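If you read the protein sequences in the order shown, they are chains X and H.
Basically the numbering used here = 1-based index in the first sequence + 40.
Basically the numbering used here = 1-based index in the second sequence + 40.
Heads up, the beta-carbon is just placed ideally off N, CA and C, and yes, glycines get one too.
Computed from a predicted structure; not experimentally measured.
The structure appears below as structure tokens.
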Amino acid sequence: MRVQQTTISKVPDRTVRYVYWITVFLLTLTGFGQMPIFKRYYIADIPGLGWLAQFYVTHYIHYLAAILILALVAYMTIDYLILQRKHLRLTASGYVRGAILAGILVSGLLLVIRNLAGSRLDPRFIIFLDLAHLGLVITFLTIAGYCLIFKKQWTNAR
Amino acid sequence: MGQEISRRTFLRGGIAAAAGLAAGSIPGAAAAAAPQEKTQLATLLDIGKCIGCGACVEACNETNAHKYPNPQKPFPKMYPNRVPVEDWSEKQDVDDRLTPYNWLFVQNATVNINGEEQEITLPRRCMHCVNPPCVKLCPWGAARQLDNGISRIDSDICLGGSKCKKVCPWDIPQRQTGTGLYLDILPSFAGNGVMYKCDRCYDQIADGQLPACIEACPEDVQTIGPRDEILQKARALAKETNGYIYGEKENGGTNTIYVSPVPFEELNKAIEKGKGKPHLKPVKDTMAQANNLTTAMVLAPVAGIAAAVGKFVKLTKSSE
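Below you can see the structure in the form of structure tokens.
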């Protein structure tokens with residue numbers, strides 16, 4: 041069983057990468073929109089951005105983007121494990137970003153469970169989840185910015 | 041034996057009896073007193089009995105006064121200037137609407153019943169939704185739902201961003217500037233006080249007592265008990281009096297069930313509405329829209345895995 045090297049080098053292809061970036065941008069925007077800051081600081085006054093002050097709208101879009109990133113992360117993880125791992129290795133920053141992203145996804149999923157009627161998570165745990173979700177996002181964006189500036193890749197060729 | 045309990049039956053039986061019942065079939069307030077009890081308790085408000093005497097409002101104020109804000113003045117200068125200062129500390133006596141110092145008020149309506157004009161009065165406070173958006177969407181977890189169905193805002197943690205009020209279909213929570221945790225963080229740039237609303241006397245219930253408004257009512261307008269039993273009782277009362285129910289389905293269901301002799305559509309037209317004066321309109325389940333996406337969220341990783349495996353199979357076949 042042999043897979044052509046030329047095909048592998050295209051993965052993750054450009055489309056997946058762009059969808060990932062747009063999804064992360066939307067998640068960040070609507071995630072920060074869960075705090076009452078966009079109206080206070082005039083962001084929602086910018087024509088076309090009024091929806092950022094509507095909590096139910098940002099909440100719904102956050103969920104839609106979360107669905108997309110969960111599918112993308114699952115796709116890229118499995119793709120790496122069964123196809124790419126022989127030719128690519130995760131870099132140190134790749135491991136760090138992957139771990140933080142996993143933390144964001146897990147805390148986010150737990151908050152989704154919290155939002156269901158009848159969920160009984162401990163209030164102190166909910167506070168922890170809220171702060172952890174936000175803290176991990178800020179950490180992830182900071183590291184992602186650093187990696188973008190210093191051209192640190194998720195993977196290197198073996 | 042019905043498990044719901046009204047003021048008179050509670051007083052007649054006394055706390056000892058209530059505690060005894062807690063060990064058995066766990067009724068009303070006794071159920072609320074048992075920390076292990078996971079049943080959501082609801083209140084039934086028989087509007088037909090309310091005489092608008094205001095005893096509930098007075099009792100609420102007396103019982104909860106120790107929870108009211110004590111703001112520091114002058115308030116911190118807030119940026120940008122558009123951030124509103126909301127100060128009720130000089131208007132603590134206002135009792136015809138919800139304020140940080142008045143968590144319950146009596147709403148009036150003049151309606152026509154069988155061709156006769158009648159004055160109807162009804163106590164208004166937090167509805168204590170079954171899935172409360174004020175709790176679920178609070179960005180810091182400052183609002184919490186207790187196992188017995190009470191939603192309450194922790195005034196030690198709340199930053200006063202007022203999101204809970206914006207997502208509440210009835211705009212119930214009310215803000216007081218100049219108090220709370222925000223003063224210790226970035227008072228000029230984030231937060232704006234603390235949000236206050238009815239907590240259905242969670243501390244009294246924990247002590248095996250009834251909420252103050254229920255206990256003080258001379259007409260036994262309110263009854264408290266497990267939600268399913270209160271609903272049964274509300275339906276029976278509505279059937280018996282040809283009445284109408286509000287709160288059973290509103291916002292996906294609330295733990296405050298009103299039974300009225302006139303349709304709520306008419307009542308809603310007749311009551312004074314506005315700031316601190318909630319409406320009685322039908323309310324769709326605000327949390328349902330996003331929660332309906334939960335299944336898709338569970339299936340999303342499966343779809344991603346399937347796509348990756350599909351690609352692997354396709355590449356494997358093409359390379360053979």
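query = Is A95 (chain H) closer than 7 Å to P318 (chain H) when the C-beta atoms are compared?
reply = Inclusion of P318 (chain H) and A95 (chain H) in the CB contact set at 7 Å is not warranted, their separation being larger than that value.
query = For Q262 (chain H) versus I254 (chain H), is the C-beta distance shorter than 7 Å?
reply = Going by beta carbons, Q262 (chain H) and I254 (chain H) fall inside the 7 Å limit.
message = I'd like the list of long-range same chain contacts for A72 (chain H), defined as Cβ closer than 7 Å, with 5 residues on each side in sequence excluded.
response = Below a pLDDT of 50, predicted positions are generally treated as unreliable, and A72 (chain H), at 48, falls in that range; no measurement from the model is reported.
key: Identity of the residue in X:G148, X:G134, X:R154, X:H102 nearest K192 (chain X) by Cα   = Nearest C-alpha to K192 (chain X) among X:G148, X:G134, X:R154, X:H102: X:G134.
ask   = Would you call the CB atoms of P87 (chain X) and G201 (chain H) closer than 7 Å?
value = Their beta carbons are not under 7 Å apart, which means P87 (chain X) does not touch G201 (chain H) by this criterion.
key: Residues within the stretch 103 to 124 of chain X neighbouring chain H, beta-carbon criterion of under 9 Å   = Hits within the stretch, in order: Y103, L104, A106, I107, L108, I109, L110, A111, L112, V113, A114, Y115, M116, T117, I118, D119, Y120, L121, I122, L123.
task = Could you name the residues of chain H that R80 (chain X) contacts, counting a contact when the two beta carbons are closer than 8 Å?
result = Near R80 (chain X) (Cβ distances below 8 Å), the residues of chain H are P120, R122, V123.
inquiry  = Against L156 (chain X), what residues of chain H qualify as contacts under a CB-to-CB distance less than 7 Å, listed in chain order?
reply    = Within chain H, the residues placing a beta-carbon under 7 Å from that of L156 (chain X) are N331, T334, ordered along the chain.
key: Limits of the beta strand (DSSP E) - the one that A183 (chain H) falls within   = Start and end: 183 to 185.
Residue-level contact to chain H via CB, I144 (chain X), 7 Å cutoff = No, no contact with chain H.
message = Taking 7 Å as the threshold (beta carbon to beta carbon), is V353 (chain H) in contact with chain X?
response = It does not; no Cβ of chain X falls within 7 Å.
request  = Within its chain, find whatever has a CB closer than 7 Å to the CB of A328 (chain H); leave out the 5 residues flanking it on each side and keep chain order.
outcome  = The residues G292, in chain order, have a CB closer than 7 Å to that of A328 (chain H) in the same chain once the five nearest residues on each side in sequence are set aside.
request  = Just the chain X side, please: which residues come within less than 8 Å of M337 (chain H) by C-beta, in chain order?
outcome  = Result: Y103, A106, I107, L110, L149, V152.
query = So which residues of chain X does D187 (chain H) contact, with C-beta pairs closer than 8 Å?
reply = R160, listed in chain order.
query = Using 7 Å as the limit for Cβ to Cβ distance, is F72 (chain X) near chain H?
reply = No - not a single Cβ of chain H is within 7 Å of the one on F72 (chain X).
ask   = Does DSSP classify F165 (chain X) as helix, strand or coil?
value = F165 (chain X): helix per DSSP, three-state reduction.
ask   = Taking 7 Å as the CB-CB limit, is P163 (chain X) close to chain H?
value = Flagged as an interface residue toward chain H: P163 (chain X), by a C-beta distance shorter than 7 Å.
query = Listed from N- to C-terminal order along the chain, which residues in the stretch 192 to 207 of chain H have their beta-carbon within a distance smaller than 7 Å of any beta-carbon of chain X?
reply = Cβ contacts with chain X come from G201, S202, K203, K206, V207.
ask   = Helix, strand or coil: which one does DSSP assign to C169 (chain H)?
value = Three-state DSSP puts C169 (chain H) in a strand.
key: Beta carbon proximity, P341 (chain H) to chain X, threshold 7 Å   = Yes, because at least one Cβ of chain X sits closer than 7 Å to the Cβ of P341 (chain H).
request  = State yes or no: is the beta carbon of G265 (chain H) nearer than 7 Å to at least one beta carbon in chain X?
outcome  = Chain X contact via Cβ: absent.
request  = Examine chain H for any beta-carbon lying closer than 7 Å to the beta-carbon of P76 (chain X), and answer yes or no.
outcome  = Answer yes: the Cβ-Cβ gap between P76 (chain X) and chain H drops below 7 Å somewhere.
message = With DSSP as the reference, identify every bridge partner of N142 (chain H), one or two as the case may be.
response = N142 (chain H) is bridged by DSSP to H:T139.
query = Counting contacts by CB-CB distance shorter than 7 Å, is I86 (chain X) in contact with chain H?
reply = Taking Cβ atoms only, chain H never reaches closer than 7 Å to I86 (chain X), which makes this a no.
query = In three-state DSSP terms, what is D86 (chain H)?
reply = Looking at D86 (chain H) - three-state DSSP - the assignment turns out to be strand.
message = Can you tell me where the alpha helix (DSSP H) holding A274 (chain H) begins and where it ends?
response = 267 to 281 is the span of the alpha helix (DSSP H), which, as asked, contains A274 (chain H).
inquiry  = Just verifying my parser: in three-state terms, what is the DSSP assignment at M116 (chain X)?
reply    = Here M116 (chain X) sits in helix by DSSP.
task = Identify whether I345 (chain H) lies in helix, strand or coil by the three-state DSSP scheme.
result = Collapsing the DSSP output to three states places I345 (chain H) in a helix.
query = G148 (chain X) by DSSP, collapsed to three states: which one?
reply = Helix.
query = Going by alpha carbons, who is nearest to T179 (chain X) out of X:R137, X:I166, X:R160, X:V146?
reply = Nearest option by C-alpha distance: X:R137.
task = Return the Cβ separation of G314 (chain H) and Y298 (chain H) in integer angstroms, given the expectation that the two are a contact with Cβ distance under 8 Å.
result = Rounded, the Cβ-Cβ distance is 20 Å, inconsistent with contact.
request  = For N282 (chain H), count neighbouring C-beta atoms within 10 Å of its own C-beta (all shown protein chains included) and say buried if the count is 16 or more, exposed if not.
outcome  = Flag for N282 (chain H) reads exposed.
query = Which residues does DSSP pair with T195 (chain X) in a beta bridge?
reply = Per DSSP, X:L130.
key: Cβ-based burial, P111 (chain H) [other Cβ within 10 Å; buried from 16]   = Buried, by the Cβ-count rule.
Given R80 (chain X) as reference, the closest of X:Q94, X:T68, X:L108 once Cα atoms are compared = Considering only alpha carbons, the answer is X:Q94.
inquiry  = DSSP three-state label for M327 (chain H), please.
reply    = Residue state for M327 (chain H) is assigned as coil, using DSSP reduced to three classes.
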